[in-house]
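Take a look at the structure set out below.
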Amino acid sequence: MTVSLPDERRTTTIGLYLIQRLKEIGIDTIFEDKNLTWAANVNELNAAHAADGYARVKGAGAVLTTFGVGELSAANGIAGSYAEKIPVIHVVGVPKTTLAKRKAMMHHTLGDGDYDVFYNMYSRITTASAILTATSAVYDIDRVISESMKNRCPGYLAIPADLVNVKVPIPLGTLDYTLPKNPSQTQLEVVQAIVHAIDQAKHPVILVDGDVRRTGMINDVTEFVKMTSFPTYAAPMGIDAINHALPNYRGCYQGSFTLAGIRAEFQQADLILKIGSLPYDTNTGGFSTHELDPAKTIAFQTTKTQVFDRCFEKIAMQELIPLVTRQLFETPIMQKRFALGPPIRRATPTTPGSALSQSYFWATFPSFLSAGSMVVAETGTVSLGSFNLMPLPKDSLLISQVAWGSVGYAVPAALGACLADRSRRCFLLVGDGAFQFSAQELSPMLHQGVCPIIILFNNNGFLIEKLIHPNGAAYNDIPAWNTGRVHLVLVALIEIDDEDGIVP
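For the sequence shown, the numbering used here gives the first residue as 5, with consecutive numbering after it.
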């Protein structure tokens, strides 16, 4: 947080002060303001998902809702951002302070006089929260935004209607959400232990995961990967955190869900350097990463480092990894050499005249991607295919809600991603079931003039559920839409088979 004292000679309103702080962290889409764009989402849940997609591209996002009904509609999306470590600031307009003090039975309340009930709910799905007051508004705005950015999680700010235009002094200085420095002596010990372990290993490998992108460490990790030349794999949540064109990038690793060739190769490792792991079941093959023996694993994390059976608290990877890279460069350790073939993927074109299949689609689709593309993949079979079979061009993004898995996320997230960076070409991959959850967001796409290429998979319902529970259930079917009448940029109707084994 900023520590400078306010300048009593310079004032602004609480509302304008909040807008300025949002601009400071790179947000340019939320309010009707000359420097900000109003996103015009159709409903609050979609708005929260869009803010999440925006934040994955821009670094932070914001969503504005009303009290009660609006914030509860958005809660699913904010919880998803919390689970996936995405900083989204949720701003809620709440009733006047006088009404709250009187416990008046206002609309959008539960009728019991408790005006803190939704704030209390949100305290469990945000890293910091506040109901602003005239005396603490400046402090709380800075605190909530700083904690959200530092912890990479959502923050919650409730603004009573009668305080928006209240004048407050403007603090001197900018927000400070930098992490504390690692303890130097302990860090030196950790660096030496890691370098020694690498020197002793015969077949070290690197596993890149989601916190690499979320902490802005892609360049640092890329330097580490390039300098070591160790075989490098990505977990699903870290699939876009490493350049797929690097000669030592091998593909996606997710335990027993991994393609057989990649898994067999990974199992040869006698040292696993795990960077930025997010050990959700969906990210680890249903917790099946039993190959990750703690006795041969070094885990670089955002708050600590695990070297085999020793845990070093407060040794964060953000500062540690560049030091390890430098030390390896300066230390004459044993050179590792691996006989690696091309990255192992099994997508192959089908024969002419056969049904359009997963195999054909994933063999063909990457040819449409260029450097810097954004691919937004819905949860389910689409995301499984994109992890396992799709090579990403350099500097591309793959946006998918792997951990939270809220069906319908991808369409509004694509809107948010497009608004965050109009210069990137965006591809939205979504099944027909998920599309019906949030198809309304085509309207703000048209309104905002963004044009993602939409590939709609005709799965005849919720395919991933049908594959998990193959005996059949009516609730996994959906009424069919005539999507040919929807003016999408591109519609691909994919007849699904599973010859590639992308679905466990």
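Beta carbons: idealized from backbone N, C-alpha and C, even for Gly.
Owing to the predicted nature of the structure, the values given are computational and were not obtained by experimental measurement.
Inset, instruction - Could you tell me which residues DSSP puts in a beta bridge with K308? - result: On the sequence shown, position 304 is the one that residue 308 refers to. Per DSSP, E317.
Inset, instruction - Using beta-carbon positions only, say whether N463 and G435 come within less than 8 Å of one another. - result: Working through the sequence shown from its first residue, we reach residue 463 at position 459. Working through the sequence shown from its first residue, we reach residue 435 at position 431. Against a cut-off of 8 Å, the Cβ pair of G435 and N463 comes out as a contact.
Inset, instruction - Starting from the Cα of M321, find the closest Cα among T219, F122, R106 and R147 and give me that residue. - result: The residue labelled residue 321 in the question sits at position 317 within the sequence shown. Looking at the Cα atoms, T219 is the closest of the given residues.
Inset, instruction - Quick one: grab the DSSP three-state call for I93. - result: Counting from 1 along the sequence shown, the entry for residue 93 is found at position 89. I93 falls in the strand class under three-state DSSP.
Inset, instruction - Would you tell me roughly how many angstroms separate the C-alpha atoms of H1 and F439, rounded to the nearest one? - result: Since the first residue shown for the chain is 5 and the last is 508, residue 1 is missing from the structure and cannot be characterised.
Inset, instruction - In angstroms with no decimal places, state the Cα-to-Cα distance between A375 and P483. - result: Here the question's residue 375 lines up with position 371 in the sequence shown. Here the question's residue 483 lines up with position 479 in the sequence shown. C-alpha separation (whole angstroms): 38 Å.
Inset, instruction - Compare the C-alpha of G446 against each of K470, K230 and G420 and name the closest. - result: Within the sequence shown, residue 446 is the residue found at index 442, counting from 1. First, the amino acid is wrong: residue 446 is Leu here, not Gly. The shortest Cα separation from L446 among K470, K230 and G420 belongs to G420.
Legend entry - G465 versus N480 - alpha carbon distance: Here residue 465 corresponds to residue number 461 of the sequence shown, with the count starting at 1. Here residue 480 corresponds to residue number 476 of the sequence shown, with the count starting at 1. Taking the straight line from one Cα to the other gives about 6 Å.
Legend entry - Backbone CA spacing between F365 and V225 [nearest angstrom]: As a working note, residue 365 is residue 361 in the sequence shown. As a working note, residue 225 is residue 221 in the sequence shown. F365 and V225: Cα-Cα distance of roughly 31 Å.
Legend entry - Coarse secondary structure for A299, derived from DSSP in three states: Residue mapping note: residue 299 aligns to position 295 of the sequence shown, counting from 1. Reduced to three states, the DSSP call for A299 is helix.
Inset, instruction - With S188 as the anchor, note down where its alpha helix (DSSP H) starts and where it stops. - result: Within the sequence shown, the letter at position 184 stands for residue 188. S188 -> alpha helix (DSSP H) spans S188 to Q204.
Legend entry - Check whether V92 and A66 have beta carbons under 8 Å apart: Taking the first residue of the sequence shown as 1, we reach residue 92 at position 88. Taking the first residue of the sequence shown as 1, we reach residue 66 at position 62. Closer than 8 Å, so yes.
Legend entry - Sequence-distant residues of its chain with Cβ nearer than 8 Å to T17 (five each side left out): As a position in the sequence shown, residue 17 is number 13, starting the count at 1. So the list reads V168, N169, V170, K171 and V172, once near-sequence residues are dropped.
Inset, instruction - For I472, count neighbouring C-beta atoms within 10 Å of its own C-beta (all shown protein chains included) and say buried if the count is 16 or more, exposed if not. - result: Reading the sequence shown from its first residue, position 468 is the one you call residue 472. Result: exposed.
Inset, instruction - Pick out whichever of A55, A238, V229 and L360 has its Cα sitting closest to the Cα of P283. - result: Along the sequence shown, read from residue 1 onward, the residue named residue 283 stands at position 279. Nearest of A55, A238, V229 and L360 to P283, Cα basis: A238.
Legend entry - Buried versus exposed, by CB contacts within 10 Å (16 or more), E28: Counted from its first residue, the sequence shown places residue 28 at position 24. Under this definition E28 is an exposed residue.
Legend entry - Contact check, G280 vs Q305, beta carbons under 8 Å: Counted from its first residue, the sequence shown places residue 280 at position 276. Counted from its first residue, the sequence shown places residue 305 at position 301. Yes, they are a contact pair.
Inset, instruction - May I have the straight-line CA-CA distance separating E48 from G30, to the nearest angstrom? - result: The count along the sequence shown starts at 1 and reaches residue 48 at position 44. The count along the sequence shown starts at 1 and reaches residue 30 at position 26. Cα to Cα, E48 sits roughly 22 Å from G30.
Legend entry - Own chain residues within Cβ distance below 7 Å of Y58, not counting five before or after: For the purposes of this step, residue 58 is taken as the residue at position 54 of the sequence shown. Only T33, G65, G420, A421, L423 and A424 meet the Cβ criterion.
Inset, instruction - With DSSP as the reference, label F71 as helix, strand or coil. - result: Within the sequence shown, residue 71 is the residue found at index 67, counting from 1. Looking at F71 - three-state DSSP - the assignment turns out to be coil, as it is neither helix nor strand.
Inset, instruction - With a threshold of 16 other CB atoms inside 10 Å of the CB of H111, please say whether the residue is buried or exposed. - result: What you label residue 111 is simply residue 107 of the sequence shown in a count that begins at 1. With fewer than 16 Cβ atoms within 10 Å of its Cβ, H111 is classed as exposed.
Inset, instruction - Tell me L471's beta-bridge partners as DSSP assigns them. - result: The count along the sequence shown starts at 1 and reaches residue 471 at position 467. DSSP output for L471 lists no bridge partner at all.
Legend entry - Residues of its chain near L327, where Cβ-Cβ distance is below 8 Å and the 5 sequence neighbours each way are ignored: The residue given as residue 327 occupies position 323 in the sequence shown. Answer for L327: Q191 and V195, listed in chain order.
Inset, instruction - Taking 8 Å as the cut-off, decide whether the C-beta atoms of S363 and T355 are in contact. - result: Here residue 363 refers to the residue found at position 359 when the sequence shown is read from its first residue. Here residue 355 refers to the residue found at position 351 when the sequence shown is read from its first residue. Not in contact: S363 and T355 (Cβ atoms no closer than 8 Å).
Inset, instruction - Return yes when the Cβ of I145 is within less than 8 Å of the Cβ of Y21, no when it is not. - result: In the sequence shown, counting from the first residue as 1, residue 21 sits at position 17. In the sequence shown, counting from the first residue as 1, residue 145 sits at position 141. Yes, these two residues count as a Cβ contact at 8 Å.
Legend entry - Beta-carbon spacing of A52, W408 below 8 Å: In the sequence shown, counting from the first residue as 1, residue 52 sits at position 48. In the sequence shown, counting from the first residue as 1, residue 408 sits at position 404. Their beta carbons are not under 8 Å apart, which means A52 does not touch W408 by this criterion.
Legend entry - Helix, strand or coil at G81 [DSSP, three-state]: Here residue 81 is taken as the residue at index 77 of the sequence shown, counted from 1. In this structure, G81 counts as helix in the three-state DSSP scheme.
Legend entry - I459, enclosing beta strand (DSSP E) - first and last residue: Counted from its first residue, the sequence shown places residue 459 at position 455. Note, I459: beta strand (DSSP E), I457 to F461.
Legend entry - Cα-Cα separation between G115 and G74, rounded to whole angstroms: Start at 1 with the first residue of the sequence shown, and residue 115 comes out as number 111. Start at 1 with the first residue of the sequence shown, and residue 74 comes out as number 70. Going by the C-alpha atoms only, they are around 16 Å apart.
Legend entry - Residue environment, N287, which counts as buried when at least 16 other CB atoms sit within 10 Å: Numbered from 1 along the sequence shown, position 283 holds the residue referred to as residue 287. Classification of N287: buried, given that the 10 Å Cβ count is 16 or more.
Legend entry - Between the CA atoms of V61 and M241 - distance to the nearest angstrom: Stepping through the sequence shown from its first residue, residue 241 is reached at position 237. Stepping through the sequence shown from its first residue, residue 61 is reached at position 57. About 15 Å.
Inset, instruction - Would you give the residue range spanned by the beta strand (DSSP E) that V434 belongs to? - result: What you label residue 434 is simply residue 430 of the sequence shown in a count that begins at 1. Unbroken beta strand (DSSP E) run through V434: C430 to G435.
Inset, instruction - Could you have a look at P99 and say whether DSSP puts it in helix, strand or coil? - result: Working through the sequence shown from its first residue, we reach residue 99 at position 95. Coil, per DSSP.
Legend entry - Neighbour-count burial assignment, M394, 16 or more Cβ in a 10 Å radius: In the sequence shown, residue 394 corresponds to position 390, counting from 1. Buried: at least 16 other Cβ atoms inside 10 Å.
Inset, instruction - Go ahead and label A54 buried or exposed: buried means 16 or more other beta carbons lie within 10 angstroms of its beta carbon, across all protein chains shown. - result: Here residue 54 refers to the residue found at position 50 of the sequence shown. Flag for A54 reads buried.
Legend entry - Close beta carbons around F441, own chain, < 8 Å, minus the five adjacent residues each side: Counting from 1 along the sequence shown, the entry for residue 441 is found at position 437. Within the same chain, F441 has close Cβ partners V411, G412 and V415.
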